[in-house]
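Each remark here refers to the structure printed beneath this line.
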Amino acid sequence: MNELGLPGEQVLHVAAHAWDIRGARAAGMAGAYINRYGIPYVDADGSQPDLEVPGLAQLADQLSEI
Amino acid sequence: MQKIPLGPVRAITFDMYGTLLDRVASFGAGFEEFLEGRAYSGGADDVIQAWEATYLHESNVDSLLGRPRTPFETVRRVTLSQLFHKLNIPHTKDDIEQLVTTKATPTLFPDVKEHLTRIQSLGKFEMSVLSNGDLESLDRAVSGLGIPVDRAISPKGPAITSPTPVSTSMP
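Chains as they are written, first to last, in the numbering used here: chain A, 1 to 66; chain B, 67 to 237.
Here is the structure:
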């Protein structure tokens with residue numbers, strides 16, 4: 001975020017692993033979970049990613065609507 | 067933790083390994099060929115997944131010790147040898163070298179180029195690949211594979227690995 005010069009809420013981190021999303025969200029960033037294999041997103045505190053999609057096509061669709 | 071609205075998003079960071087780069091497609095053929103000649107009953111996919119976990123563990127040790135990040139190219143060779151020892155898979159140094167070089171074909175997931183290009187064409191977002199690996203290896207992979215992003219980013223300083231929040235907040 002420092003390198004991007006933006007506050008966390010203006011950065012979306014995209015990853016296929018829950019641990020990456022959890023780290024990004026803990027830093028104040030939004031997190032998009034790419035769930036290609038139908039693996040449930042698991043976070044011990046019960047929180048969910050800000051966006052969950054089965055692939056990058058659906059991510060692009062969602063971002064087109066912002 | 068409440069969900070964060072996506073409306074204000076101006077930049078997107080993509081994880082590299084396992085998100086854009088398909089490890090199984092990249093290493094599967096080489097591993098299958100290698101394992102055929104060994105008395106190992108598991109599949110190549112399982113070994114590659116276990117290798118990823120071993121790599122993450124080793125990277126976390128760097129992070130916990132606060133020492134500089136071990137170059138990705140070194141970690142992946144060391145962790146593959148560690149894993150083969152754990153699984154009692156006979157191997158030589160040359161086997162490891164071939165599996166990570168000549169027998170590997172770095173391969174993106176099929177949806178990467180088309181849909182990152184779509185996102186880029188929206189003209190709304192600065193796009194980066196963000197990874198815990200060293201920047202030199204990451205830069206080389208991103209440019210070599212032609213991933214349509216503006217740049218590669220890796221946390222600077224002592225090894226910091228995800229999910230530590232500073233790995234994303236302090237590149």
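Glycine residues also receive a C-beta, built at the ideal position from the N, C-alpha and C atoms.
Item: Please decide whether isoleucine 114(B) counts as near chain A, where near means a Cβ-Cβ distance under 8 Å.; Value: no
Item: Mind pulling the alpha helix (DSSP H) runs of 4 or more residues that sit fully within the segment 98–165 of chain B?; Value: 110–131, 138–152
Item: Rounded to whole angstroms, what is the Cα-Cα separation between threonine 158(B) and glutamine 164(B)?; Value: 10 Å
Item: So, under 8 Å CB-CB, valine 11(A) and threonine 79(B) are touching, yes? Tell me the CB distance rounded to an integer number of Å.; Value: 6 Å
Item: If we count Cβ pairs, one from each stretch, closer than 8 Å, do we get three or more for the segment 207–214 of chain B versus the segment 177–197 of chain B?; Value: yes
Item: Assuming contact is defined by CB atoms lying nearer than 8 Å, are arginine 135(B) and aspartate 200(B) in contact in what I supplied?; Value: yes
Item: Please check if any C-beta of chain B sits within less than 8 Å of the C-beta of glutamate 52(A).; Value: no
Item: In whole angstroms, what separates the C-alpha of proline 224(B) from that of valine 141(B)?; Value: At proline 224(B) the pLDDT is 47, less than 50, meaning the model places this residue with poor confidence; the figure from the coordinates comes in the next sentence. So the two alpha carbons sit approximately 15 Å from each other.
Item: If we count the other Cβ atoms within 10 Å of its Cβ and call it buried at 16 or more, is proline 156(B) buried or exposed?; Value: exposed
Item: What are the partner residues of isoleucine 34(A), as DSSP defines its beta bridges?; Value: Val53(A)
Item: Using a Cβ cut-off of 8 Å, pull out every chain A residue sitting near glycine 212(B), in sequence order please.; Value: What glycine 212(B) touches in chain A: nothing, since even the nearest Cβ is about 15 Å away.
Item: Would the beta-carbon of leucine 51(A) fall within 8 Å of that of isoleucine 185(B)?; Value: no
Item: Taking only runs that begin and end inside the segment 173–197 of chain B, name each unbroken beta strand (DSSP E) of 3 or more residues, in chain order.; Value: 192–196
Item: Taking arginine 36(A) as the reference, give the member of Asp112(B), Phe93(B), Leu87(B), Phe150(B) with the closest Cα.; Value: Leu87(B)
Item: Helix or strand or just coil, what does DSSP make of isoleucine 21(A)?; Value: helix
Item: Against chain B, with Cβ distances strictly below 8 Å, would isoleucine 34(A) count as a contact?; Value: yes
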